[in-house]
Amino acid sequence: INLDANTHLDALPGKPGYAVFGHLVTGTDVAEIIEFAETGIRQGMAGVPLEPILILTARRRREESRPGTSTSQRLLRDL
Numbered sequence: 001i002n003l004d005a006n007t008h009l010d011a012l013p014g015k016p017g018y019a020v021f022g023h024l025v026t027g028t029d030v031a032e033i034i035e036f037a038e039t040g041i042r043q044g045m046a047g048v049p050l051e052p053i054l055i056l057t058a059r060r061r062r063e064e065s066r067p068g069t070s071t072s073q074r075l076l077r078d079l
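Each residue of the sequence shown is one higher than the last, beginning at 1 in the working numbering.
Below you can see the structure in the form of structure tokens.
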């Protein structure tokens, strides 16, 4: 779960970026608990939770498809 802008993940000339995507439908309260977990430096990366955070369930939300609407159009609409 990525709650910050994390611009260091953006692509730059000569450096590919890292795509972070998804949409939180429910569980905002849980995301806020994760946001405030105690963090530190682990394997050279800052802001890593000191205690492992396990996501036990994640599901793809089914959306009614409409004729002529591509997946990318639906994703862009949700942004």
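All C-beta atoms, glycine included, are put in the ideal place defined by N, C-alpha and C.
Member of the options whose CA lies at the smallest distance from the CA of residue i
i: Ala48; options: Ile55, Thr39 and Leu54; result: According to the sequence shown, residue 48 is Val rather than Ala. Nearest option by C-alpha distance: Thr39.
i: Arg60; options: Leu24, Gly44 and Gln43; result: Leu24
i: Leu56; options: Val30, Thr7 and Glu63; result: Val30
i: Val20; options: Thr7, Thr26 and Ala46; result: Thr7
Cβ pair residue i, residue j closer than 8 Å
i: Leu9; j: Tyr18; result: yes
Classification of residue i by the beta-carbon crowding that lies within 10 angstroms, buried from 16 upward
i: Gly14; result: exposed
Measuring CB atoms only, is the region 20-39 touching the region 2-9, in the sense that at least three cross pairs come out at less than 8 Å? yes
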